[in-house]
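Undergrad: Numbering (our numbering), first residue to last: 620 to 965. No residue lacks a Cβ here, since even glycine has one placed at the ideal position from N, Cα and C.
1. So, for residue 795: in the same chain, excluding its five sequence neighbours on each side, which residues have a beta-carbon less than 6 Å away from its beta-carbon?
2. At which residue ranges does the segment 706-744 contain complete alpha helix (DSSP H) runs of 4 or more residues, listed in the order of the chain?
3. According to DSSP, residue 702 sits in a beta bridge with which residue or residues?
4. Please classify residue 957 as buried or exposed, where buried requires at least 16 neighbouring CB atoms within 10 angstroms.
5. Across the segment 946-954 and the segment 891-898, are there enough close Cβ pairs to call them in contact, namely three or more that are closer than 8 Å?
6. Can you check which of these residues, 686, 736, 657 and 803, is closest to residue 725 by C-alpha distance?
7. Using a Cβ-Cβ cut-off of 8 Å, state whether residue 752 counts as contacting chain D.
8. Please look up how many angstroms separate the CB atoms of residue 947 and residue 845, rounded, as I've assumed it's under 8 Å.
9. Straight-line CA distance for residue 880 to residue 866?
10. With C-beta atoms as the reference, is residue 776 less than 8 Å away from residue 722?
11. Mapping the DSSP letters down to three states, classify residue 767 as helix, strand or coil.
12. Within 8 Å, do at least three Cβ pairs link the segment 866-877 to the segment 908-917?
13. Can you tell me which of 823, 820, 858 and 799 puts its alpha carbon nearest to the alpha carbon of residue 835?
14. On the DSSP bridge assignment, give the partners of residue 793 in chain order.
15. Strictly by DSSP, which residues pair up with residue 805?
16. Using CA atoms only, rank isn't needed, just tell me which of 713, 810 and 748 is closest to residue 688.
Written out as structure tokens, the structure is:
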């Protein structure tokens, strides 16, 4: 695609997401979500491969189904209440339908099965956009509606998503599918945080975006599409693979890395609200995630696979690097001491 088309698509994505953030009208929000979906489709299909065409078709069907449910919900709400304002959604049927639609858009269990297949069929850069930027608009809509949704239902969906995201990612060997199930699990933690505190949900979302961006950038630079590729990339760039390992441990939520911060704050908030059983189960759902993150970290840096050449200086050849990787790596690994400042500021 030409640079002009790329600029148009990126501008459209940015504009549509911003419109969702500032709009309080149902029809304008629905239009923004549709524009957001149509803008990402050419980016998904830019690689001329049957898998990308399949992924674009699946993504289009899922997102338009969710958008149709949103349109149905806002129409029902307008018929029952007489207005189109998002902040005045009092219809139980409309809130139930909108919950289903947002769960589909965010790939929260049990409406999550489409997500790993789509990420597996696209490039790493496109998978990064779908896993990060495309989550902002639905999360903003959920942020606006959270006071009208059932807290018990949202907490249950968050727990199920965190559990299934970790459990189903255990037997995966493709890095994009592992990151997809990781994203599903993190979405569970995020909507749990949203039920507790909007500021905590914002901090959780920012942390997730930074860690996911660092991980996908590392995988893109090392061209690692499977776990076997992770093991054979050490000879190319030891520094990059060290970054990948630390990012994986941060995604797993191990202290003293940044990923420990949102999980600690969420569990602390749940304990404050006397939700002891729920917080215990939610903490245990992190164990499957820890298992496959640790396996990836082990294959990344703690094994010595056969080298493709006899030269031990292969890593001295210059690797393509991104300026983004250095900043995002520092934020992924060293932001935990700033927890009080971040949590009280956001």
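TA: Here's the rundown:
1. Within the same chain, 738, 739 and 746 come within 6 Å of residue 795 by CB-CB distance, once the 5 residues on both sides are set aside.
2. If we require 4 residues or more, the alpha helix (DSSP H) runs fully inside the segment 706-744 come out as 711-725 and 733-739.
3. Partner(s): none; residue 702 has no beta bridge.
4. Classification of residue 957: exposed, given that the 10 Å Cβ count is below 16.
5. Too few Cβ pairs lie closer than 8 Å, so no.
6. In terms of Cα proximity to residue 725, the closest of 686, 736, 657 and 803 is 803.
7. The structure shown has no chain D; it contains just one protein chain.
8. That pair is no contact at about 23 Å.
9. When the Cα atoms are used, residue 880 and residue 866 turn out to be separated by approximately 14 Å.
10. Yes, these two residues count as a Cβ contact at 8 Å.
11. Reduced to three states, the DSSP call for residue 767 is helix.
12. Touching, yes, given that three or more Cβ pairs across the two stretches are closer than 8 Å.
13. Measuring from the Cα of residue 835, the nearest candidate turns out to be 799.
14. The partner list for residue 793 (beta bridge, DSSP) reads 845.
15. DSSP, once it has assigned bridges, lists no residue as partnering residue 805.
16. Closest by alpha carbon: 713.
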